[in-house]
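All you need for the working numbering is the position in the sequence shown, starting with 1, plus 162.
Backbone N, C-alpha and C fix where the C-beta goes; we use that ideal spot for every residue, glycine too.
These notes concern the structure reproduced below.
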Amino acid sequence: MRKFTLLALALVLPALHLLNGQNTPDKLAPYYPTPQLVVDKMLQLGGLKAGETMFDLGSGDGRIVIMAAQKYKAKGIGVEYDESLATQSEARIKTLGLSNTARIIHGDLLAQNYESADLITVYLLPVGNGLVTPILDKQLKKGARVVAHDFEFSAWKPTRTLDIDDDGEGRSHRLYLYQR
Ligand SMILES: C[S@@+](CC[C@H](N)C(=O)[O-])C[C@H]1O[C@@H](n2cnc3c(N)ncnc32)[C@H](O)[C@@H]1O
163 MRKFTLLALA LVLPALHLLN GQNTPDKLAP YYPTPQLVVD KMLQLGGLKA GETMFDLGSG
223 DGRIVIMAAQ KYKAKGIGVE YDESLATQSE ARIKTLGLSN TARIIHGDLL AQNYESADLI
283 TVYLLPVGNG LVTPILDKQL KKGARVVAHD FEFSAWKPTR TLDIDDDGEG RSHRLYLYQR
């Protein structure tokens, strides 16, 4: 059901993209949070190490950035254009005392600079991955990794894929690792 809903949106969103005004960021995926078990697997698969910098593109409630800072001792940066999600996740970061190592940029993920990234995580629809591909191709440094949840980057060949058969709620997931 989850994949059906996301795939239906994958068909509709490119049409919305054409209708979109100049000042509104493209909606590259609806808000659909990654289960915590899968968040952990994404960061493990991406080989995130203490002190490294990671970005979550479309960070939702900030859960990936928060786990990156809290458990992996990395510097986590989320980019989220939905104002309420950005405010809520920034408040949670503050409450958890993680403001030194985690933050949220309230803005369009297609308009940021990712040159400092060691790891990028994404849970975007295929159209979103397609739009972000040339940006990452241009900006990512050698050795940087990208982990995509459920939807691959069609222009790139994954170094590894990981299937998660049960996320604790009976749903399956596939992760894709790409390395520069
Ligand atoms: C499927 S959710 C993933 C949330 C989070 N990364 C996770 O895995 O739990 C996708 C998120 O991308 C955000 N988003 C979509 N288009 C965006 C854009 N152009 N710029 C910034 N955020 C965007 C949505 O608001 C949503 O929160």
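DSSP, reduced to helix, strand and coil, places G330 outside both helices and strands of the structure shown, so it counts as coil.
Nearest to M229 by C-alpha distance, out of D325, M216 and V241, is M216.
By the Cβ neighbour-count rule, K189 is buried, with 16 or more other Cβ atoms within 10 Å of its own. Q198 and Q274 have their alpha carbons spaced roughly 26 Å apart. Under DSSP, the beta-bridge partners assigned to E242 are H268. Secondary structure at R254: helix, using DSSP grouped into helix, strand and coil.
Looking at the backbone, the Cα of L207 and that of S334 are separated by about 16 Å. Counting other Cβ atoms within 10 Å of its Cβ, Y243 reaches 16 or more and is therefore classed as buried. For D223, there is no enclosing beta strand (DSSP E), as DSSP marks it with neither H nor E. Ligand 1 has no heavy atom closer than 6 Å to the beta-carbon of K233. In the pairwise beta carbon analysis, the stretch 300–307 is classified as touching the stretch 266–283: at least three pairs are separated by under 8 Å. Under the 10 Å beta carbon count, T196 is surrounded by 16 or more other beta carbons and is classified as buried. Secondary structure of T263 (DSSP, three-state): coil.
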